[in-house]
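Input: a single structure, listed below in structure tokens.
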Amino acid sequence: MTEGAFTELRLDGVGRRFAGKDALVDLDLTIRAGEFIALLGPSGCGKSTALNCLAGLLPLTAGSIWQQGPDGERRIDTLPPEKRGFGMVFQSYALFPHMSVRRNISFGLQMRRLARAEVARRTTEAIRLVQLEEHADKLPGQLSGGQQQRVAIARAVVLEPSLVLMDEPLSNLDAKLRLEMRSEIRRLHQSLGLTTVYVTHDQEEALSLADRLVVLRQGRVQQIGTSEELHTRPANWHVADFMGFRNIVEVDATHVDGTDVVVQGEGLRLRGTATAPTAVGDRVVAAVRPEDVLVGAGTDGADGPNATPATVEVVGYQGRELAVEVRTAAGRALHLRTEQRLAPGDAVTLTVDPERLLVYPLAAGEHVPAPLVAAVP
Amino acid sequence: MSLTVERVPGEARQAQDPGLRHRLAERGIDRQLLLLVPAVLFVVLLFLYPFLYGLQLSFAPDEGGPLASYQAFFSDPYQSGTIWITLKLALPAALINVLASVPIAYRMRGSFRGKRLLTIVLVVPITLGTVLTAQGLLNYLGPAGWFNKILMTLGLIDDPVRLVNNYWGVFFSLVITGFPFAFLLILSYLSGIDPTLERAAATLGADWRQRFRHITLPLLAPGLATTFCLAFVLAFSVFPSAVLVGNPAGETRVLALAAYQAAYEQYDYSLASAIAMVMGAVELIVIGVVLLWRSRLYTGSTGGKG
Amino acid sequence: MATTVAPRARRRIVGSPSSWLIWGAVTFFLVNLAGVIGAVLVSSFGTQWFGTWFPNGFTTSWYATAWREFGLLDVVGVTLQVSLLVVVISVLIGVPAAYVLARRTFPGKKIVYFAFLLPILMPPITYGIPLATVLYKFGFAGNASGVVLANLVPSVPFVILTMTPFIEQISPSIESAARMCGATTRALFLRVLGPLLVPGMLAAAILVLVRTVGMFELTFLTAGPDSQTLVVALYYSMSAAGIRAQQAVDAMAVIYTSTMLVLLVVALRFVNPTQLVARVKETPEP
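First to last, the protein sequences are chains A, B and C.
Everything in the first sequence is counted per this note's numbering, starting at 2 for the first residue and increasing by one.
Everything in the second sequence is counted per this note's numbering, starting at 4 for the first residue and increasing by one.
Everything in the third sequence is counted per this note's numbering, starting at 66 for the first residue and increasing by one.
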């Protein structure tokens with residue numbers, strides 16, 4: 002490992018304000034060597050700000066960053082980016098347009114004033130690693146998006162950086178290439194023993210890549226956890242909303258027994274699992290994933306848990322499954338996924354396992370936004 | 004986490020005043036801003052300082068009170084009339100240059116063969132400047148010049164029309180240098196408007212008149228205002244052509260000329276500065292009015308790659 | 066619909082009556098422009114020309130006369146010296162400032178931007194007269210250094226306003242990438258930004274050159290007898306008409322014109338014609 006190798010990198014209350022507006026507030030995070038961490042959130046949530054603060058491209062306006070190395074702890078947020086020894090892959094790739102692939106990749110090595118032979122050896126190795134041997138002397142403008150992406154990655158990892166930062170590196174690629182590059186990135190992370198911080202707004206991408214995820218919203222950390230934890234137990238309804246709980250309904254708690262809760266509202270009466278202490282009469286949010294809503298034709302399953310009659314409205318073909326939008330008798334639209342071949346107008350009965358129906362507290366004055374499509378009269 | 008923090012002395016010093024560093028970071032201040040220093044210094048020393056010096060000079064005449072130079076200027080119709088003379092030349096010239104450019108540029112946006120050649124030809128008079136244009140106008144529009152000869156040969160006139168050494172000579176010189184300027188600017192503004200906007204309007208049933216009136220013109224209007232301002236600045240500072248093709252003692256005795264004469268013929272630097280200040284003020288008022296109107300328009304993206 | 070878009074677009078240029086009107090107006094303008102320039106050109110080669118369509122005979126002797134009598138060798142020398150100095154200095158001062166304006170937001174940015182805009186918006190005479198007075202006070206006026214200083218006043222802002230949009234269109238993430246690769250500020254400017262900025266700097270430089278050679282007012286106000294540029298010498302010879310033969314003045318005008326045309330041809334290799342006019346950046350970002 003090169004200079005600046007660390008066993009642990011600690012972000013301590015890191016914050017960034019722009020002209021009086023908070024972009025990132027009080028980020029505490031400890032990154033262990035070898036980890037793959039994803040910063041996840043909708044656009045404008047502060048994830049790129051966090052990455053740029055970590056890189057040193059953006060000075061902090063609060064907090065500090067510490068690096069735990071073999072010779073003690075060292076403060077690094079006062080160092081300029083070129084002194085931190087991190088590598089970075091940019092969303093737009095940011096290749097130097099006037100330099101060939103080879104020179105792009107060797108640029109960092111030359112900046113380190115390494116011996117010419119060493120530069121050539123490591124550059125060639127990095128080019129082979131990303132399989133660009135035959136394009137080594139082309140300019141970035143002559144390469145496809147995927148190839149440019151490989152150059153950008155090679156340029157970042159050739160320095161054997163103690164930390165690789167990736168800012169939505171796949172967002173400019175088409176769907177097929179994105180999947181290929183995703184496994185490529187994970188493969189490189191493992192084979193080179195990198196430590197990676199990866200920014201994305203794509204929850205699926207983050208879940209499949211990262212060891213730990215940091216979910217941000219409006220500049221604040223919402224939850225830090227493994228993919229499993231985030232998928233099954235979002236910390237609050239905002240995270241649930243972002244992690245694919247498409248059915249989010251604002252209701253009242255009518256019966257509470259430990260974590261076993263009954264909620265009522267919008268013509269629904271449902272039994273679910275409370276994620277936080279809840280009292281009878283509380284305004285709460287019920288959240289469930291589309292794939293956890295089970296469906297029976299006609300009145301099939303009417304004796305199952307949380308049985309609710311509904312009518313199919315919109316059906317979208319998604320391969321083996323259908324993405325279906327149904328509407329309850331009281332006019333509430335719900336989303337579900339099923340392998341049954343349903344058609345608009347079909348009468349169905351929905352059931353949901355109370356274990357999978359999560360009930361979140363609702364902050365005072367907060368409301369779940371109304372569904373996009375209003376009820377057809 | 005076990006906190007065995009060993010801070011190196013140097014870093015403790017670096018961390019001395021994190022508050023200040025954080026505050027500077029929030030305001031975007033760092034050492035890179037020093038790159039701005041030479042240019043700012045330059046503007047202050049060579050523009051603002053002389054300007055303020057002139058302003059102070061204009062209030063410090065050799066004799067009389069602080070306002071004596073301004074009084075001398077405004078009480079003498081031969082002097083104060085130059086404001087009107089200058090405006091009478093510059094406003095119509097700028098207006099005509101801008102208005103004539105719009106339909107021509109509208110027809111010529113998009114690409115056609117010879118467009119680059121045409122723009123190059125149009126650039127020529129701008130680069131030649133007023134001095135050469137004046138010399139050419141004297142030859143071409145003079146009593147024995149080709150223009151009068153052609154008109155007489157065609158039998159349109161009997162005696163040569165007097166087109167130089169008066170208002171018209173200066174006016175033509177302003178059009179010759181000003182029109183290409185306005186045209187090229189407006190052409191670039193027009194090409195900056197996304198053509199699909201007009202196509203969208205066409206699919207909604209607008210004919211070309213309506214498309215121009217409701218789509219192109221509103222998007223072009225801020226550009227028109229800017230072009231007018233720049234064309235006006237160009238025409239307003241008319242100096243050499245007013246002397247060479249105009250009648251510098253009479254109908255084309257413009258502000259710049261009055262200021263020049265005060266400074267270099269009467270050696271009254273206070274009066275000269277006062278006239279220069281009046282000139283600046285009149286120009287800024289006109290520009291201010293136009294920009295005020297412009298600020299009420301839509302000035303966002305025009306969708307194009309301009 | 067049978068017609069495609071392309072033929073319709075072409076028909077619009079030559080077809081309708083309004084098109085003819087517009088082409089007519091343009092042609093009229095160009096014919097007169099040719100007349101203005103041609104009259105000078107023909108006269109400079111004519112022996113005697115009174116009231117006829119063309120001169121009685123043709124000669125090149127006026128050029129020799131003009132060259133000798135107006136001391137054009139010195140004038141051209143001064144012109145070159147002054148313009149090149151102005152170009153180099155204004156690029157050196159302007160480009161770093163343009164970089165900061167393009168990349169950074171800081172308190173007072175609007176004021177700084179406005180201060181750079183003012184010298185371009187103000188009539189040269191307005192600040193030229195006080196400037197000349199100040200330059201005289203400090204002993205700069207009446208020689209080439211004063212002319213250079215005065216010409217820098219509109220040139221530096223011009224470089225800034227030309228370069229700012231050029232720098233803005235270079236993605237800032239390229240700079241960030243260079244920094245992440247370990248480049249210091251020096252290396253960043255020399256190895257990455259420098260090569261990318263060369264086309265823009267070349268364009269700005271050539272534009273300043275054209276403007277400085279053609280700049281009359283400021284040079285006129287600050288030049289002494291030994292520091293006249295071509296355009297000022299031309300003005301003096303014109304306003305002193307009657308002393309010299311008209312044709313010699315015309316010959317000098319042609320020399321000036323050809324200088325400008327050569328510059329123009331060079332300039333147009335690097336910039337597009339619209340840029341020669343102005344490069345106004347709309348609404349500075351807050």
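The C-beta atom is built at its ideal place from N, Cα and C for all residues, glycine as well.
All values derive from a computational prediction rather than experimental measurement.
Put C:Trp118 into one of helix, strand or coil per three-state DSSP.
coil
At the 8 Å Cβ level, is A:Thr352 part of the contact set with chain B, yes or no?
no
Continuous beta strand (DSSP E) assignments of at least 3 residues falling wholly in the stretch 86-136 of chain C:
none
Cα separation between A:Ala365 and A:Arg284?
9 Å
Let me check understanding here. Comparing Cα to Cα, which of B:Leu23, B:Pro53, B:Gln59, B:Arg30 lies closest to B:Ser273?
B:Gln59
Closer than 7 Å, Cβ to Cβ, to anything on chain B: give me those residues from the stretch 221-255 of chain C, in chain order.
Val221, Ile225
Cα-Cα separation, A:Arg321 to A:Ala311:
22 Å
State the Cα-Cα distance for the pair A:Val252 and A:Arg290, rounded to the nearest angstrom.
17 Å
How far does the beta strand (DSSP E) with A:Val296 in it reach, from first residue to last?
294-298
Taking A:Ala254 as the reference, which of A:Thr350, A:Met244, A:Glu267, A:Gly245 has the closest Cα?
A:Glu267
Entirely enclosed beta strand (DSSP E) segments - the stretch 41-65 of chain A, minimum 3 residues:
none
For chain B, find out if any of its Cβ atoms is closer than 8 Å to the Cβ of C:Ser323; answer yes or no.
no
With distances taken between CB atoms, is the gap from A:His239 to A:Arg270 smaller than 8 Å?
no
In the DSSP assignment, what are the bridge partners of A:Asp168?
A:Val200
Below 7 Å on C-beta distance, what does B:Pro53 contact in chain C?
Tyr192, Pro195, Leu196, Val199
Measure the beta-carbon distance from C:Thr277 to C:Val147 and round it to whole angstroms, keeping in mind my assumption that it falls under 8 Å.
7 Å
Rounded straight-line distance, which links the Cα of A:Phe108 to that of A:Arg221
36 Å
Would A:Ala344 and A:Val313 be called neighbours here (beta carbons separated by less than 8 Å)?
yes
Considering just the uninterrupted stretch of the alpha helix (DSSP H) at C:Phe203, what are its terminal residues?
Premise fails: C:Phe203 is in no alpha helix (DSSP H) and is neither H nor E.
Extent of the continuous alpha helix (DSSP H) run through C:Thr277
259-279
Can you tell me whether B:Tyr301 is helix, strand or coil according to DSSP?
coil
Boundaries (first-last residue) of the alpha helix (DSSP H) holding B:Tyr56
52-61
Distance, B:Ile288 Cα to C:Ile87 Cα
33 Å
If you measure from the beta carbon of B:Leu247 to each beta carbon in chain C, is any gap under 8 Å?
yes
Cβ-based contacts, 7 Å cut-off: residues of the stretch 103-132 of chain A near chain E:
In the structure shown, chain E does not exist; the protein chains are A, B and C.
With distances taken from CA atoms, which of A:Val257, A:Val120, A:Pro98 is nearest A:Glu161?
A:Val120
With 16 other Cβ atoms within 10 Å as the buried cut-off, status of A:Asp78:
buried
Could you tell me the distance, in whole angstroms, from the CA atom of B:Leu49 to the CA atom of A:His136?
53 Å
Is B:Leu313 helix, strand or coil by DSSP?
Shown here, chain B extends from 4 to 309; a query on residue 313 of chain B therefore has no answer.
Element boundaries [beta strand (DSSP E), containing B:Phe77]
Segment 71-78 is the alpha helix (DSSP H) holding B:Phe77; no beta strand (DSSP E) there.
Could you check how far apart the C-beta atoms of C:Pro188 and B:Val236 are, in whole angstroms? I think they sit under 8 Å.
7 Å
If you follow the beta strand (DSSP E) that A:Thr125 is in, where does it begin and where does it stop?
Here A:Thr125 belongs to no beta strand (DSSP E); instead the alpha helix (DSSP H) covers 117-130.
Who are A:His256's beta bridge partners in DSSP?
A:Val263
Check the Cβ-Cβ distances between C:Leu261 and every residue of chain A, and say whether any is below 8 Å.
yes
Suppose contacts are defined by Cβ-Cβ distances below 8 Å. Is A:Val360 in contact with A:Ala236 by that definition?
no
Within the continuous beta strand (DSSP E) that includes A:Tyr318, where are the two ends?
309-319
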